[in-house]
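Everything in the sequence shown is counted per the UniProt record's numbering, starting at 1 for the first residue and increasing by one. Positions of the beta carbon are idealized from the N, C-alpha and C atoms, including for glycine. Please read these numbers as outputs of a predicted model, since none were measured by experiment. To start, the structure itself, in C-alpha coordinates.
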Amino acid sequence: MTGFDLALEAFHFLRPLWLLALLPIAALWWSVRRGATRRPPVRTGIAPHLGAALTVGGDSRLRILPIDGAALAMALLCLGAAGPTWSRQPDPFVAQSAALVVALKVTPSMEAADIAPSRLERAKQKIRDLLDLRSGARTALVAYAGSAHGVVPMTEDPGVMLPYLEGLAPEVMPEEGNRAASALTLAQGLLAGEEGPGAVLFVADALDPADAASLEAAGSAIMLAMLPAGQGDAGFDRLSAVPVLPVTPDQADVVRIDRMLDAAQARAALENSELPWRDRGAWLAWPAALLTLLWFRRGWTMRWVVLAALALCLPAHRAQADGIANWFFTPDQQGRLAFERNDFSAAAEAFIDPLWRGYALYRSGQYEAAVEVLARVETADAAFIKGMAHMKSRGYRDGVRAFETALARDPDHAAAAENLAVAKEIVDYVERVREQSDTGEEQGIGADEVVFDNESGRGAETEIEATEEGPGEGMLTAEAWMNTVDTRTGDFLRSRFLLESLAATGEAQGEAPE
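Given below as C-alpha coordinates:
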(Lines of atoms letter the chains of each structure in order from A and count residues from 1; the text may use other names and numbers.)
(Lines give C-alpha, C1' and ligand atoms only; values in the text may rest on other atoms or scores of the structure.)
Protein backbone atom coordinates (compact mmCIF):
# COMPACT_ATOMS: atom_id res chain seq x y z
CA MET A 1 0.00 0.00 0.00
CA THR A 2 1.39 3.41 -0.98
CA GLY A 3 1.63 6.44 1.26
CA PHE A 4 -1.29 8.07 -0.59
CA ASP A 5 -3.50 5.05 0.04
CA LEU A 6 -2.62 5.13 3.75
CA ALA A 7 -3.39 8.85 3.96
CA LEU A 8 -6.71 8.37 2.19
CA GLU A 9 -7.65 5.54 4.52
CA ALA A 10 -6.76 7.51 7.67
CA PHE A 11 -8.32 10.84 6.57
CA HIS A 12 -10.83 12.30 9.04
CA PHE A 13 -11.66 15.54 10.89
CA LEU A 14 -10.59 16.20 14.48
CA ARG A 15 -13.45 18.65 15.10
CA PRO A 16 -16.20 17.53 12.72
CA LEU A 17 -18.90 19.72 14.32
CA TRP A 18 -17.35 22.71 12.57
CA LEU A 19 -18.52 21.21 9.29
CA LEU A 20 -22.06 22.23 10.28
CA ALA A 21 -21.00 25.83 9.62
CA LEU A 22 -20.91 24.97 5.92
CA LEU A 23 -24.72 24.93 5.88
CA PRO A 24 -25.25 28.63 6.78
CA ILE A 25 -22.35 29.55 4.47
CA ALA A 26 -24.04 27.73 1.60
CA ALA A 27 -27.41 29.34 2.45
CA LEU A 28 -25.83 32.80 2.58
CA TRP A 29 -24.06 32.26 -0.75
CA TRP A 30 -27.26 31.10 -2.43
CA SER A 31 -29.32 33.97 -1.03
CA VAL A 32 -26.88 36.73 -1.98
CA ARG A 33 -26.12 35.30 -5.41
CA ARG A 34 -29.79 34.76 -6.18
CA GLY A 35 -30.54 38.40 -5.44
CA ALA A 36 -27.55 39.63 -7.47
CA THR A 37 -28.37 37.55 -10.53
CA ARG A 38 -32.18 38.10 -10.59
CA ARG A 39 -33.27 39.29 -14.01
CA PRO A 40 -34.60 42.87 -14.08
CA PRO A 41 -38.31 43.24 -14.86
CA VAL A 42 -39.18 43.49 -18.53
CA ARG A 43 -39.87 47.09 -19.43
CA THR A 44 -42.90 47.63 -21.61
CA GLY A 45 -43.06 50.22 -24.28
CA ILE A 46 -39.44 49.71 -25.45
CA ALA A 47 -38.64 47.84 -28.59
CA PRO A 48 -36.68 44.61 -27.91
CA HIS A 49 -33.69 45.70 -30.01
CA LEU A 50 -33.50 48.99 -28.14
CA GLY A 51 -33.78 47.23 -24.76
CA ALA A 52 -30.93 44.91 -25.70
CA ALA A 53 -28.79 47.91 -26.72
CA LEU A 54 -29.49 49.68 -23.43
CA THR A 55 -28.72 46.59 -21.24
CA VAL A 56 -25.20 46.42 -19.78
CA GLY A 57 -23.48 43.17 -18.67
CA GLY A 58 -25.58 40.49 -20.35
CA ASP A 59 -26.38 37.35 -18.35
CA SER A 60 -24.93 38.00 -14.86
CA ARG A 61 -25.60 34.43 -13.71
CA LEU A 62 -22.49 33.25 -15.55
CA ARG A 63 -20.16 35.83 -13.98
CA ILE A 64 -18.00 35.38 -10.85
CA LEU A 65 -19.38 37.59 -8.12
CA PRO A 66 -17.84 38.85 -4.84
CA ILE A 67 -20.00 36.45 -2.86
CA ASP A 68 -18.39 33.51 -4.70
CA GLY A 69 -14.90 34.34 -3.46
CA ALA A 70 -16.17 35.25 0.01
CA ALA A 71 -18.12 32.01 0.38
CA LEU A 72 -15.18 29.93 -0.84
CA ALA A 73 -12.81 31.64 1.61
CA MET A 74 -15.21 31.06 4.51
CA ALA A 75 -15.69 27.43 3.46
CA LEU A 76 -11.91 26.88 3.47
CA LEU A 77 -11.62 28.43 6.92
CA CYS A 78 -14.48 26.24 8.12
CA LEU A 79 -12.77 23.10 6.82
CA GLY A 80 -9.53 24.18 8.48
CA ALA A 81 -11.31 24.77 11.78
CA ALA A 82 -12.70 21.23 11.53
CA GLY A 83 -9.11 19.92 11.72
CA PRO A 84 -8.46 17.67 8.71
CA THR A 85 -5.81 15.04 9.40
CA TRP A 86 -4.41 11.89 7.85
CA SER A 87 -1.27 11.18 9.91
CA ARG A 88 -0.06 11.18 13.49
CA GLN A 89 2.57 13.34 15.15
CA PRO A 90 5.95 11.57 14.84
CA ASP A 91 7.72 10.50 17.99
CA PRO A 92 10.99 12.50 17.99
CA PHE A 93 12.81 9.75 19.89
CA VAL A 94 11.88 6.96 17.47
CA ALA A 95 13.30 6.48 13.97
CA GLN A 96 10.82 7.42 11.27
CA SER A 97 11.57 4.33 9.20
CA ALA A 98 11.06 0.66 10.00
CA ALA A 99 13.93 -1.40 11.40
CA LEU A 100 15.75 -3.33 8.70
CA VAL A 101 18.01 -6.38 8.58
CA VAL A 102 20.03 -6.61 5.37
CA ALA A 103 20.81 -10.24 4.48
CA LEU A 104 23.65 -10.27 1.93
CA LYS A 105 24.44 -13.42 0.01
CA VAL A 106 28.23 -13.90 -0.02
CA THR A 107 29.04 -16.72 -2.44
CA PRO A 108 31.34 -17.21 -5.46
CA SER A 109 28.38 -16.64 -7.82
CA MET A 110 28.09 -13.10 -6.42
CA GLU A 111 31.54 -12.32 -7.82
CA ALA A 112 30.29 -12.62 -11.41
CA ALA A 113 31.18 -9.54 -13.46
CA ASP A 114 27.98 -9.39 -15.53
CA ILE A 115 26.99 -6.46 -13.27
CA ALA A 116 29.99 -4.13 -13.11
CA PRO A 117 32.26 -4.27 -11.25
CA SER A 118 30.74 -7.46 -9.80
CA ARG A 119 27.45 -8.55 -8.32
CA LEU A 120 28.89 -8.48 -4.81
CA GLU A 121 30.49 -5.05 -5.14
CA ARG A 122 27.33 -3.60 -6.67
CA ALA A 123 25.33 -5.15 -3.81
CA LYS A 124 27.62 -3.44 -1.29
CA GLN A 125 27.15 -0.15 -3.14
CA LYS A 126 23.37 -0.54 -3.00
CA ILE A 127 23.53 -1.24 0.74
CA ARG A 128 25.64 1.88 1.29
CA ASP A 129 23.15 3.96 -0.73
CA LEU A 130 20.30 2.56 1.34
CA LEU A 131 22.12 3.39 4.58
CA ASP A 132 22.52 6.98 3.37
CA LEU A 133 18.78 7.22 2.70
CA ARG A 134 17.93 5.73 6.09
CA SER A 135 19.94 8.18 8.19
CA GLY A 136 19.14 7.57 11.86
CA ALA A 137 17.14 4.39 11.22
CA ARG A 138 18.07 1.11 12.88
CA THR A 139 19.76 -1.35 10.54
CA ALA A 140 21.56 -4.66 11.00
CA LEU A 141 23.70 -6.74 8.62
CA VAL A 142 23.66 -10.52 8.12
CA ALA A 143 25.87 -12.51 5.73
CA TYR A 144 24.92 -15.95 4.50
CA ALA A 145 26.03 -18.74 2.20
CA GLY A 146 25.84 -22.33 3.52
CA SER A 147 25.38 -20.80 6.99
CA ALA A 148 24.14 -17.44 8.23
CA HIS A 149 26.07 -15.12 10.52
CA GLY A 150 25.33 -11.80 12.14
CA VAL A 151 27.87 -9.23 10.98
CA VAL A 152 26.64 -6.06 12.72
CA PRO A 153 23.73 -5.90 15.22
CA MET A 154 21.06 -3.23 15.13
CA THR A 155 22.67 0.21 14.96
CA GLU A 156 21.74 3.77 14.04
CA ASP A 157 25.30 4.60 12.94
CA PRO A 158 26.08 3.45 9.38
CA GLY A 159 29.75 4.23 9.95
CA VAL A 160 29.98 1.20 12.24
CA MET A 161 28.70 -1.09 9.49
CA LEU A 162 30.83 0.06 6.56
CA PRO A 163 34.19 -1.53 7.55
CA TYR A 164 32.53 -4.90 8.12
CA LEU A 165 30.57 -4.62 4.89
CA GLU A 166 33.79 -4.08 2.95
CA GLY A 167 35.38 -7.11 4.60
CA LEU A 168 32.73 -9.55 3.35
CA ALA A 169 33.96 -11.90 0.64
CA PRO A 170 33.22 -15.55 -0.25
CA GLU A 171 36.46 -16.74 1.39
CA VAL A 172 35.33 -15.52 4.85
CA MET A 173 32.26 -17.78 4.80
CA PRO A 174 32.87 -21.15 6.51
CA GLU A 175 30.41 -23.11 4.35
CA GLU A 176 29.35 -22.88 0.72
CA GLY A 177 25.69 -22.91 -0.16
CA ASN A 178 22.60 -20.74 -0.50
CA ARG A 179 20.57 -21.02 2.71
CA ALA A 180 18.38 -17.95 2.77
CA ALA A 181 16.06 -19.60 5.32
CA SER A 182 18.90 -19.61 7.89
CA ALA A 183 19.50 -15.93 7.25
CA LEU A 184 15.77 -15.27 7.68
CA THR A 185 15.71 -17.04 11.06
CA LEU A 186 18.70 -15.01 12.27
CA ALA A 187 17.20 -11.76 10.96
CA GLN A 188 13.86 -12.43 12.66
CA GLY A 189 15.72 -12.91 15.93
CA LEU A 190 17.30 -9.47 15.51
CA LEU A 191 13.94 -7.88 14.69
CA ALA A 192 12.29 -9.51 17.71
CA GLY A 193 14.01 -6.99 19.98
CA GLU A 194 12.66 -3.97 18.08
CA GLU A 195 9.53 -2.14 19.20
CA GLY A 196 8.20 -1.03 15.82
CA PRO A 197 7.75 -2.79 12.50
CA GLY A 198 10.68 -4.43 10.75
CA ALA A 199 11.65 -6.01 7.47
CA VAL A 200 14.35 -8.25 6.02
CA LEU A 201 16.03 -7.20 2.77
CA PHE A 202 17.69 -10.05 0.89
CA VAL A 203 20.39 -8.93 -1.55
CA ALA A 204 21.12 -12.00 -3.65
CA ASP A 205 21.49 -13.31 -7.18
CA ALA A 206 19.55 -16.55 -6.61
CA LEU A 207 17.17 -18.20 -4.17
CA ASP A 208 16.89 -21.91 -3.42
CA PRO A 209 13.29 -22.87 -4.31
CA ALA A 210 13.13 -24.80 -1.03
CA ASP A 211 13.51 -21.51 0.87
CA ALA A 212 10.80 -19.66 -1.05
CA ALA A 213 8.03 -20.90 1.25
CA SER A 214 9.85 -19.60 4.35
CA LEU A 215 10.22 -16.15 2.84
CA GLU A 216 6.58 -16.12 1.77
CA ALA A 217 5.46 -16.99 5.30
CA ALA A 218 7.61 -14.25 6.84
CA GLY A 219 5.42 -11.51 5.39
CA SER A 220 8.08 -8.82 5.80
CA ALA A 221 10.75 -9.86 3.31
CA ILE A 222 11.99 -7.88 0.30
CA MET A 223 14.26 -9.27 -2.41
CA LEU A 224 16.75 -7.17 -4.37
CA ALA A 225 17.74 -9.34 -7.33
CA MET A 226 21.40 -8.88 -8.25
CA LEU A 227 20.92 -10.15 -11.80
CA PRO A 228 21.44 -8.46 -15.16
CA ALA A 229 18.34 -7.34 -17.04
CA GLY A 230 16.47 -10.18 -18.69
CA GLN A 231 17.98 -12.94 -16.52
CA GLY A 232 15.68 -14.81 -14.16
CA ASP A 233 15.90 -17.31 -11.33
CA ALA A 234 13.66 -20.27 -10.49
CA GLY A 235 13.60 -19.38 -6.80
CA PHE A 236 12.60 -15.77 -7.49
CA ASP A 237 9.79 -16.99 -9.75
CA ARG A 238 8.26 -18.88 -6.82
CA LEU A 239 7.82 -15.68 -4.80
CA SER A 240 4.42 -14.04 -5.06
CA ALA A 241 3.88 -12.25 -1.72
CA VAL A 242 7.51 -11.12 -1.52
CA PRO A 243 8.36 -8.17 -3.80
CA VAL A 244 11.32 -8.92 -6.05
CA LEU A 245 12.99 -5.69 -7.19
CA PRO A 246 15.44 -5.74 -10.09
CA VAL A 247 18.72 -3.93 -9.57
CA THR A 248 18.93 -0.61 -11.43
CA PRO A 249 21.95 1.45 -12.53
CA ASP A 250 20.63 4.43 -10.56
CA GLN A 251 19.12 4.69 -7.08
CA ALA A 252 15.56 3.92 -8.17
CA ASP A 253 15.68 0.48 -6.53
CA VAL A 254 16.92 1.65 -3.12
CA VAL A 255 14.54 4.63 -3.16
CA ARG A 256 11.66 2.23 -3.71
CA ILE A 257 12.85 0.04 -0.84
CA ASP A 258 13.13 3.09 1.41
CA ARG A 259 9.57 4.14 0.55
CA MET A 260 8.28 0.65 1.33
CA LEU A 261 9.93 0.81 4.75
CA ASP A 262 8.57 4.31 5.38
CA ALA A 263 5.08 3.09 4.47
CA ALA A 264 5.42 0.25 6.98
CA GLN A 265 6.44 2.73 9.68
CA ALA A 266 3.55 5.05 8.76
CA ARG A 267 1.14 2.14 9.02
CA ALA A 268 2.46 1.30 12.49
CA ALA A 269 2.20 4.96 13.55
CA LEU A 270 -1.43 5.13 12.43
CA GLU A 271 -2.20 2.12 14.60
CA ASN A 272 -0.45 3.63 17.64
CA SER A 273 -3.22 5.30 19.61
CA GLU A 274 -0.73 6.91 22.00
CA LEU A 275 0.49 9.32 19.30
CA PRO A 276 -1.68 12.43 18.71
CA TRP A 277 -3.07 13.22 15.28
CA ARG A 278 -1.38 16.02 13.31
CA ASP A 279 -3.78 18.87 12.55
CA ARG A 280 -3.41 19.93 8.89
CA GLY A 281 -6.00 22.72 9.04
CA ALA A 282 -3.37 25.45 8.77
CA TRP A 283 -2.77 24.51 5.14
CA LEU A 284 -6.26 25.73 4.19
CA ALA A 285 -5.56 29.19 5.63
CA TRP A 286 -3.21 30.05 2.76
CA PRO A 287 -5.69 29.70 -0.14
CA ALA A 288 -8.28 31.52 1.99
CA ALA A 289 -5.80 34.38 2.50
CA LEU A 290 -5.11 34.56 -1.23
CA LEU A 291 -8.82 34.84 -1.95
CA THR A 292 -9.07 37.83 0.39
CA LEU A 293 -6.73 39.72 -1.95
CA LEU A 294 -9.68 40.05 -4.35
CA TRP A 295 -11.46 42.24 -1.80
CA PHE A 296 -9.14 45.13 -2.63
CA ARG A 297 -10.58 45.24 -6.11
CA ARG A 298 -13.25 47.89 -6.62
CA GLY A 299 -16.71 46.45 -6.22
CA TRP A 300 -15.48 43.34 -4.35
CA THR A 301 -15.15 44.77 -0.84
CA MET A 302 -17.43 42.97 1.61
CA ARG A 303 -16.55 44.14 5.13
CA TRP A 304 -18.92 41.74 6.83
CA VAL A 305 -16.93 38.80 5.48
CA VAL A 306 -13.94 39.84 7.61
CA LEU A 307 -16.04 39.48 10.77
CA ALA A 308 -17.28 36.07 9.63
CA ALA A 309 -13.72 34.91 8.90
CA LEU A 310 -12.52 36.03 12.34
CA ALA A 311 -15.39 34.12 13.94
CA LEU A 312 -14.15 30.97 12.21
CA CYS A 313 -10.45 31.56 12.96
CA LEU A 314 -10.56 32.39 16.66
CA PRO A 315 -12.11 29.16 18.00
CA ALA A 316 -9.69 27.06 15.98
CA HIS A 317 -6.82 29.17 17.27
CA ARG A 318 -7.88 28.53 20.86
CA ALA A 319 -8.26 24.82 20.20
CA GLN A 320 -4.71 24.46 18.91
CA ALA A 321 -1.83 26.90 19.32
CA ASP A 322 -0.44 26.16 15.86
CA GLY A 323 -3.82 26.10 14.10
CA ILE A 324 -5.30 28.43 11.49
CA ALA A 325 -3.22 31.51 12.52
CA ASN A 326 -0.03 29.48 12.12
CA TRP A 327 1.85 31.96 10.01
CA PHE A 328 3.15 33.52 13.28
CA PHE A 329 5.35 30.79 14.82
CA THR A 330 6.94 30.57 18.25
CA PRO A 331 10.65 29.63 18.29
CA ASP A 332 9.86 26.06 19.33
CA GLN A 333 7.31 25.79 16.51
CA GLN A 334 9.90 27.02 14.04
CA GLY A 335 12.34 24.47 15.40
CA ARG A 336 9.79 21.70 15.09
CA LEU A 337 9.10 22.60 11.45
CA ALA A 338 12.83 22.60 10.68
CA PHE A 339 13.21 19.28 12.53
CA GLU A 340 10.48 17.68 10.44
CA ARG A 341 12.30 18.88 7.30
CA ASN A 342 15.41 17.09 8.62
CA ASP A 343 17.17 20.48 8.83
CA PHE A 344 18.56 19.67 12.27
CA SER A 345 21.09 22.53 12.38
CA ALA A 346 18.36 25.12 11.82
CA ALA A 347 16.16 23.33 14.34
CA ALA A 348 18.91 23.46 16.97
CA GLU A 349 19.24 27.23 16.46
CA ALA A 350 15.48 27.77 16.73
CA PHE A 351 14.56 25.57 19.70
CA ILE A 352 14.35 27.04 23.18
CA ASP A 353 13.24 23.83 24.89
CA PRO A 354 16.54 22.25 26.07
CA LEU A 355 15.48 18.64 25.43
CA TRP A 356 14.43 19.35 21.84
CA ARG A 357 17.45 21.58 21.28
CA GLY A 358 19.80 18.94 22.60
CA TYR A 359 18.20 16.25 20.44
CA ALA A 360 18.44 18.48 17.35
CA LEU A 361 22.13 19.12 18.09
CA TYR A 362 22.66 15.37 18.40
CA ARG A 363 20.93 14.67 15.10
CA SER A 364 23.02 17.37 13.39
CA GLY A 365 26.26 15.77 14.60
CA GLN A 366 27.14 18.43 17.18
CA TYR A 367 27.68 15.89 19.93
CA GLU A 368 29.65 17.98 22.43
CA ALA A 369 27.14 20.83 22.23
CA ALA A 370 24.30 18.34 22.66
CA VAL A 371 25.87 16.96 25.85
CA GLU A 372 26.25 20.47 27.25
CA VAL A 373 22.62 21.41 26.57
CA LEU A 374 21.14 18.11 27.78
CA ALA A 375 23.01 18.41 31.09
CA ARG A 376 20.30 20.88 32.12
CA VAL A 377 17.51 18.32 31.72
CA GLU A 378 17.08 15.69 34.43
CA THR A 379 15.01 13.13 32.56
CA ALA A 380 15.72 9.61 31.36
CA ASP A 381 15.40 10.61 27.70
CA ALA A 382 17.91 13.44 28.16
CA ALA A 383 20.43 11.06 29.74
CA PHE A 384 19.85 8.52 26.98
CA ILE A 385 20.53 11.08 24.23
CA LYS A 386 23.66 12.22 26.14
CA GLY A 387 24.83 8.61 26.11
CA MET A 388 24.27 8.31 22.37
CA ALA A 389 26.17 11.58 21.81
CA HIS A 390 29.10 10.26 23.86
CA MET A 391 29.10 7.03 21.86
CA LYS A 392 29.10 8.86 18.53
CA SER A 393 32.05 10.99 19.69
CA ARG A 394 33.90 7.84 20.88
CA GLY A 395 33.50 8.70 24.57
CA TYR A 396 32.44 5.15 25.40
CA ARG A 397 32.98 5.28 29.16
CA ASP A 398 31.00 8.53 29.44
CA GLY A 399 28.32 6.81 27.39
CA VAL A 400 28.20 3.99 29.96
CA ARG A 401 27.70 6.53 32.75
CA ALA A 402 24.94 8.35 30.85
CA PHE A 403 23.04 5.12 30.11
CA GLU A 404 23.34 4.13 33.77
CA THR A 405 21.88 7.52 34.72
CA ALA A 406 18.99 7.00 32.30
CA LEU A 407 18.22 3.62 33.87
CA ALA A 408 18.43 5.12 37.35
CA ARG A 409 15.80 7.66 36.34
CA ASP A 410 13.67 5.14 34.46
CA PRO A 411 14.44 1.44 35.10
CA ASP A 412 12.10 0.45 32.25
CA HIS A 413 14.01 2.42 29.60
CA ALA A 414 14.66 -0.47 27.17
CA ALA A 415 16.84 1.50 24.74
CA ALA A 416 19.14 2.66 27.54
CA ALA A 417 19.51 -0.90 28.84
CA GLU A 418 20.34 -2.23 25.38
CA ASN A 419 22.88 0.48 24.61
CA LEU A 420 24.43 0.18 28.07
CA ALA A 421 25.32 -3.44 27.33
CA VAL A 422 26.79 -2.48 23.93
CA ALA A 423 28.80 0.38 25.44
CA LYS A 424 30.27 -1.90 28.11
CA GLU A 425 31.27 -4.43 25.46
CA ILE A 426 33.01 -1.70 23.44
CA VAL A 427 34.91 -0.42 26.48
CA ASP A 428 35.98 -3.95 27.36
CA TYR A 429 37.03 -4.69 23.77
CA VAL A 430 39.12 -1.51 23.46
CA GLU A 431 40.88 -2.26 26.72
CA ARG A 432 41.53 -5.89 25.75
CA VAL A 433 43.06 -4.80 22.43
CA ARG A 434 45.21 -2.27 24.28
CA GLU A 435 46.24 -4.90 26.79
CA GLN A 436 47.28 -7.31 24.05
CA SER A 437 49.30 -4.65 22.21
CA ASP A 438 51.01 -3.38 25.39
CA THR A 439 54.79 -3.20 24.77
CA GLY A 440 55.56 -2.31 28.36
CA GLU A 441 57.64 0.68 27.32
CA GLU A 442 57.48 3.87 29.29
CA GLN A 443 56.50 6.54 26.81
CA GLY A 444 55.48 10.08 27.34
CA ILE A 445 52.33 11.53 25.83
CA GLY A 446 53.03 14.29 23.38
CA ALA A 447 50.78 17.13 22.43
CA ASP A 448 50.16 15.68 18.98
CA GLU A 449 49.03 12.22 20.14
CA VAL A 450 45.58 10.73 20.60
CA VAL A 451 45.04 8.60 23.71
CA PHE A 452 41.99 6.36 24.07
CA ASP A 453 40.21 6.28 27.41
CA ASN A 454 42.02 3.87 29.75
CA GLU A 455 40.37 4.66 33.04
CA SER A 456 40.69 1.10 34.31
CA GLY A 457 44.46 1.09 33.64
CA ARG A 458 44.49 -2.09 31.56
CA GLY A 459 47.66 -2.12 29.44
CA ALA A 460 49.74 0.81 28.36
CA GLU A 461 47.83 3.67 26.86
CA THR A 462 47.86 3.17 23.13
CA GLU A 463 49.29 6.15 21.26
CA ILE A 464 48.40 6.98 17.68
CA GLU A 465 50.15 9.72 15.80
CA ALA A 466 47.69 12.43 14.88
CA THR A 467 47.70 14.08 11.48
CA GLU A 468 48.68 17.69 11.01
CA GLU A 469 45.36 18.67 9.49
CA GLY A 470 44.54 21.04 12.29
CA PRO A 471 42.54 20.99 15.52
CA GLY A 472 39.53 18.71 15.69
CA GLU A 473 40.99 16.16 13.25
CA GLY A 474 42.61 13.93 15.89
CA MET A 475 39.55 11.77 16.62
CA LEU A 476 39.56 8.72 14.37
CA THR A 477 36.61 7.50 12.40
CA ALA A 478 35.36 3.93 12.86
CA GLU A 479 37.07 2.83 9.64
CA ALA A 480 40.37 4.51 10.55
CA TRP A 481 40.29 2.94 14.00
CA MET A 482 39.73 -0.50 12.46
CA ASN A 483 42.79 0.09 10.29
CA THR A 484 44.95 0.43 13.41
CA VAL A 485 44.19 -3.15 14.39
CA ASP A 486 46.70 -5.65 13.02
CA THR A 487 44.03 -8.10 11.85
CA ARG A 488 42.11 -7.15 8.72
CA THR A 489 38.33 -7.02 8.95
CA GLY A 490 37.98 -9.96 6.58
CA ASP A 491 40.31 -12.11 8.70
CA PHE A 492 38.38 -11.16 11.82
CA LEU A 493 35.07 -12.10 10.20
CA ARG A 494 36.48 -15.37 8.88
CA SER A 495 37.61 -16.42 12.37
CA ARG A 496 34.38 -15.36 14.00
CA PHE A 497 32.17 -17.08 11.44
CA LEU A 498 34.22 -20.28 11.70
CA LEU A 499 33.88 -20.35 15.48
CA GLU A 500 30.15 -19.77 15.22
CA SER A 501 29.81 -22.54 12.66
CA LEU A 502 31.78 -25.00 14.83
CA ALA A 503 29.73 -24.08 17.87
CA ALA A 504 26.48 -24.61 15.95
CA THR A 505 27.72 -27.97 14.68
CA GLY A 506 28.65 -29.06 18.20
CA GLU A 507 25.26 -28.07 19.57
CA ALA A 508 23.50 -29.89 16.74
CA GLN A 509 25.42 -33.05 17.64
CA GLY A 510 24.60 -32.67 21.30
CA GLU A 511 28.18 -31.84 22.27
CA ALA A 512 29.49 -28.77 24.00
CA PRO A 513 31.79 -26.85 21.69
CA GLU A 514 35.38 -26.63 22.83
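DSSP three-state assignment for residue i, whether helix, strand or coil
i	result
arginine 488	coil
tryptophan 277	strand
leucine 499	helix
arginine 341	coil
threonine 330	coil
arginine 394	coil
alanine 137	coil
leucine 65	coil
glycine 146	coil
arginine 179	coil
threonine 155	strand
residue 515	Look at the range of the chain in this structure, 1 to 514, and you will see that residue 515 is not part of it.
aspartate 258	helix
proline 84	strand
glycine 399	helix
asparagine 272	coil
methionine 110	helix
isoleucine 115	coil
glycine 193	coil
proline 209	helix
glutamine 251	coil
aspartate 233	coil
phenylalanine 384	helix
methionine 74	helix
Presumed contact (8 Å Cβ cut-off) between residue i and residue j, rounded CB distance
i	j	result
valine 103	tyrosine 144	This sequence places alanine at residue 103; valine is not what is there. Alanine 103 to tyrosine 144, Cβ: 6 Å. Contact.
isoleucine 64	valine 32	Contact flag wrong, Cβ pair sits at about 13 Å.
Residue i and residue j closer than 7 Å at C-beta
i	j	result
leucine 374	lysine 392	no
leucine 186	methionine 161	no
glutamine 125	proline 276	no
leucine 355	alanine 10	no
glycine 150	glutamate 176	no
threonine 489	arginine 280	no
tryptophan 18	cysteine 78	yes
leucine 168	valine 106	yes
proline 174	serine 501	yes
alanine 238	proline 209	The sequence shown places arginine at residue 238, rather than the alanine named in the question. Yes. Within cutoff.
alanine 380	alanine 348	no
leucine 201	leucine 100	yes
methionine 154	arginine 138	yes
phenylalanine 384	alanine 360	no
proline 287	leucine 50	no
valine 203	alanine 123	yes
alanine 234	aspartate 211	no
proline 108	leucine 131	no
aspartate 205	methionine 223	no
proline 228	isoleucine 115	yes
Host beta strand (DSSP E) of residue i (start-end)
i	result
histidine 413	Taken as a continuous stretch (DSSP letters only), histidine 413 belongs to no beta strand (DSSP E), as it is neither H nor E.
proline 228	Unbroken run through proline 228: none, as it is neither H nor E.
alanine 199	198-204
leucine 245	244-246
alanine 99	99-105
Where the alpha helix (DSSP H) through residue i begins and ends
i	result
methionine 161	158-166
valine 371	367-374
glycine 358	354-363
leucine 14	Per DSSP, leucine 14 belongs to no alpha helix (DSSP H) and is neither H nor E.
valine 32	22-36
residue 573	Past the edges of the chain, shown from 1 to 514, lies residue 573, and the structure says nothing about it.
threonine 292	285-292
Environment of residue i [buried if 16+ CB atoms lie within 10 Å]
i	result
arginine 432	exposed
glutamine 265	buried
alanine 81	buried
glutamine 366	buried
glycine 189	exposed
phenylalanine 4	exposed
isoleucine 46	exposed
histidine 413	buried
proline 16	exposed
threonine 330	exposed
leucine 290	exposed
histidine 390	buried
serine 97	buried
tyrosine 429	exposed
aspartate 250	exposed
leucine 499	exposed
arginine 357	buried
leucine 20	exposed
asparagine 419	buried
leucine 215	buried
alanine 36	exposed
Residue i: CB within 6 Å of a non-hydrogen atom of the ligand SAH
i	result
valine 203	The ligand SAH is absent from the structure shown, which contains no ligands of any kind.
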